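Peer 1: Numbering-wise (the working numbering), the sequence shown opens with residue 13 and increments by one. Glycine included, every Cβ here is placed at the ideal spot set by N, Cα and C. Bear in mind the structure is a predicted one, so any value in this text is a computation, not a measurement. Starting off with a structure, shown below.
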Amino acid sequence: MIIQALYAGKPQAFGPRQKPSSIIKTPHDQLTIELDGALEDEQGNKKLHGGPEMALHQYSLESYAVLQKRFPEIADKLTPGSIGENISAPDMNDENVYIGDTYEIGDVVIQVNSPRAPCVKINQRYKTKNVDVFVAQKGITGWYFRVLETGTIKVGDQMKLVHRLQNTKSVKDIIRLVRDKDKDLHARLIAAEIPALAKEWVSKLKKF
13 MIIQALYAGK PQAFGPRQKP SSIIKTPHDQ LTIELDGALE DEQGNKKLHG
63 GPEMALHQYS LESYAVLQKR FPEIADKLTP GSIGENISAP DMNDENVYIG
113 DTYEIGDVVI QVNSPRAPCV KINQRYKTKN VDVFVAQKGI TGWYFRVLET
163 GTIKVGDQMK LVHRLQNTKS VKDIIRLVRD KDKDLHARLI AAEIPALAKE
213 WVSKLKKF
């Protein structure tokens, strides 16, 4: 997979309460990747975003098409980069990306560790209700990476899948298991043992 676009943002007043947020990002030709994320990408709320377990976010290009079909009135706003991701690349989605998938991008090594938990800022971003609910229901949240090796990534770089865990789950599988709390209890406990899964999502899977 070839990186088509990279995005980063700075905190700015956002939403009805005008609290700092970095969901609005701009295109960058390259990003400097550190353990906490891209140097160029500062977080407005460090309690909920960023850090080693949410260092980088990728959103599927295919998911934008799904959103455009469901919300045609804002189709022109539902464009790559608008939901707050850092990385855009083709042929990757919540069904074919798995927890623990490890990618090399030049010298940089990153590992998928969790879905994104959609929040109300997505609705505020598009000035439309229930976008966050739809994203969660459809399991098109995108995913977070942790950084294993730091360095610089550029538009046009290849994302090379170098390792996939055995007995892992797709990003969409994890979302489904967390949402269906009264079903597949055994499957939830098994998924909670995936070694690469972020602790926050391990806790969600074990919460009955």
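Beta-carbon separation of N142 and N135 under 8 Å?
Peer 2: Numbered from 1 along the sequence shown, position 130 holds the residue referred to as residue 142. Numbered from 1 along the sequence shown, position 123 holds the residue referred to as residue 135. In contact: N142 and N135 (Cβ atoms closer than 8 Å).
Peer 1: Are the beta-carbon atoms belonging to K37 and A20 less than 8 Å from one another?
Peer 2: By 1-based counting over the sequence shown, the position of residue 37 is 25. By 1-based counting over the sequence shown, the position of residue 20 is 8. A contact, by the Cβ cut-off of 8 Å.
Peer 1: So for A20, helix, strand or coil by DSSP?
Peer 2: Within the sequence shown, the letter at position 8 stands for residue 20. The answer is strand: DSSP assigns A20 an E or B state.
Peer 1: Between the stretch 184-191 and the stretch 147-162, do at least 3 Cβ pairs fall closer than 8 Å?
Peer 2: yes
Peer 1: On the criterion of 16 or more Cβ atoms from any shown chain inside 10 Å, does S100 qualify as buried, or is it exposed?
Peer 2: Position 88 of the sequence shown holds residue 100. Classification of S100: buried, given that the 10 Å Cβ count is 16 or more.
Peer 1: Tell me A77's beta-bridge partners as DSSP assigns them.
Peer 2: As a first step, residue 77 must be located in the sequence shown, where it is residue number 65. BP columns for A77 are empty, so no partner.
Peer 1: Using 8 Å as the threshold, is the stretch 167-179 in touch with the stretch 88-95, meaning 3 or more CB pairs across them?
Peer 2: no
Peer 1: To the nearest whole angstrom, what separates the beta carbons of V159 and I122, a pair I think is in contact under 8 Å?
Peer 2: Position 147 of the sequence shown, counting from 1, holds the residue named residue 159. Position 110 of the sequence shown, counting from 1, holds the residue named residue 122. Confirmed, about 6 Å.
Peer 1: Pick helix, strand or coil for Y71, following the three-state DSSP scheme.
Peer 2: Along the sequence shown, read from residue 1 onward, the residue named residue 71 stands at position 59. Of the three classes helix, strand and coil, the one that applies to Y71 here is coil, per DSSP.
Peer 1: For the ligand NAD, I want to know if P127 counts as a neighbour, meaning its beta carbon is within less than 7 Å of at least one of the ligand's heavy atoms.
Peer 2: Looking at this structure, you won't find the ligand NAD or any other ligand, since it has none at all.
Peer 1: Leaving aside the five residues before and after A210 along the sequence, list all residues of the same chain whose C-beta is less than 6 Å from its C-beta, in chain order.
Peer 2: Numbered from its first residue, the sequence shown carries residue 210 at position 198. Hits under 6 Å: E65, N125, S126.
Peer 1: Using 8 Å as the threshold, is the C-beta distance between V167 and L51 below it?
Peer 2: Within the sequence shown, residue 167 is the residue found at index 155, counting from 1. Within the sequence shown, residue 51 is the residue found at index 39, counting from 1. With a cutoff of 8 Å on beta-carbon distance, V167 and L51 are scored as not near each other.
Peer 1: Just reading off the alpha helix (DSSP H) that N125 is part of, what are its end residues?
Peer 2: On the sequence shown, position 113 is the one that residue 125 refers to. Taken as a continuous stretch (DSSP letters only), N125 belongs to no alpha helix (DSSP H), being part of the beta strand (DSSP E) at 120-127.
Peer 1: Starting from the C-beta of D169, find all residues in its chain whose C-beta is less than 8 Å away, skip the five residues before and the five after it, and write them out in chain order.
Peer 2: As a first step, residue 169 is located in the sequence shown; it is residue number 157 there, counting from the start. Cβ within range, chain order: I14, I15, I117, G118.
Peer 1: What distance in whole Å lies between the Cβ atoms of L43 and I165, which are believed to be in contact at a cut-off of 8 Å?
Peer 2: Position 153 of the sequence shown, counted from the first residue, corresponds to residue 165. Position 31 of the sequence shown, counted from the first residue, corresponds to residue 43. Right, the Cβ-Cβ distance comes to about 6 Å (below 8 Å), so this counts as a contact.
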